[in-house]
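Undergrad:
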Amino acid sequence: MKARTLLSMAFILLTLSVMPCRAQQVIKLPAPNFPTTMSLAEALQTRRSQREYTNPQPLSDQVLANLLWAACGVSSEDGKITAPSAMNKQDVRVYVCRADGAYLYNAQANTLTQLTDRDLRQAVASRQTFAAETPVCLVLASDLSLFGRNAEVTGAVDVGYVSQNICLACTALGLKTVPRMTMDQATLHSALALPEKTVLLINHPVGY
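In structure tokens:
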């Protein structure tokens, strides 16, 4: 009986070892390299919310890397980022939604980790269909579990910093965007498998 049990366990382990497993796709982004000579004053003066995108050209990995770094990328050897962060908790999560799926930006590793191969741009757009026509939608969330009192306010403020960085970077890079709060929260929470205390706050459709 004991031998039969051991044989059964061995068979189960062997079966599991040969079963195909799907590894998460991880994309290594190029190092940020800003070709623009636009000054901060010029970016502030010319920044505008844009809702018309006439050029369907996708964003290259380099342009996307530049934009994500400006949003909340690592800007110092000790791991500080380009956006202010309460108590340096770095609570803001940036999700990149495009035709080939949705990805989570890892600022420290400068990578995108695929969470799903679903095109979630329509869920980001919700009833404002223009947003689904852009090549990329950036969705900003805050991990409220990192804070104690006033977590909701603190997270919203931190997301606001990142959103402004995106607005200014898009202006400097010749891109169009508009910060939005409208989105299909339920679909995105489910598709992105968000932790319970991670809240979606702002999204940015981005294109030319």
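Position in the sequence shown counted from 1, then plus 7, gives you our numbering. Ideal Cβ positions, reconstructed from N, Cα and C, are used throughout, including at glycine. Only a predicted model underlies this, so the values are computations on that prediction, with no experimental measurement involved.
Roughly how many angstroms separate the alpha carbons of residue 114 and residue 80, rounded to a whole number?
TA: So the alpha carbons of these two residues sit roughly 5 Å apart.
Undergrad: Which runs of the alpha helix (DSSP H) at least 4 residues long sit entirely within the stretch 171-206? Give them in chain order.
TA: Runs found: 192-198.
Undergrad: Taking the C-alpha atoms as reference points, what is the distance between residue 29 and residue 161?
TA: Because residue 29 carries a pLDDT of 45, less than 50, the predicted location of this residue cannot be relied on, and the following value inherits that uncertainty. One C-alpha to the other measures close to 37 Å.
Undergrad: Which same chain residues, not among the five before or five after residue 122, have their C-beta less than 7 Å away from its C-beta?
TA: Excluding positions up to five away in sequence, the list reads 109, 110, 111, 199 and 200.
Undergrad: I believe residue 143 touches residue 105 by the beta-carbon criterion, under 8 Å. Please report the beta-carbon distance rounded to the nearest angstrom.
TA: Yes, they are in contact, since the Cβ atoms of residue 143 and residue 105 sit about 5 Å apart, within 8 Å.
Undergrad: In the structure shown, what three-state DSSP assignment does residue 13 receive?
TA: Residue placement at residue 13 is poorly supported in this model, since its pLDDT is 42, which falls under 50; the coordinates still yield a value, given next. In the structure shown, residue 13 sits in a helix (DSSP, three-state: H, G or I).
Undergrad: Taking buried to mean at least 16 other C-beta atoms within 10 Å of its own C-beta, is residue 178 buried or exposed?
TA: Result: buried.
Undergrad: For the candidate residues 117, 103, 129 and 165, whose alpha-carbon lies nearest to that of residue 217?
TA: Outside the shown range of the chain (8 to 215) lies residue 217, about which nothing can therefore be said.
Undergrad: Taking the C-alpha atoms as reference points, what is the distance between residue 39 and residue 197?
TA: Looking at the two C-alpha atoms, the distance is approximately 31 Å.
Undergrad: According to DSSP, simplified to helix, strand and coil, what is residue 149?
TA: Looking at residue 149 - three-state DSSP - the assignment turns out to be strand.
Undergrad: Expressed to the nearest angstrom, what Euclidean distance is found between the alpha-carbon atoms of residue 149 and residue 165?
TA: Taking the straight line from one Cα to the other gives about 8 Å.
Undergrad: Return the residue from the list 31, 156, 89 and 56 that minimises the CA-CA distance to residue 215.
TA: Closest option to residue 215, Cα to Cα, is 56.
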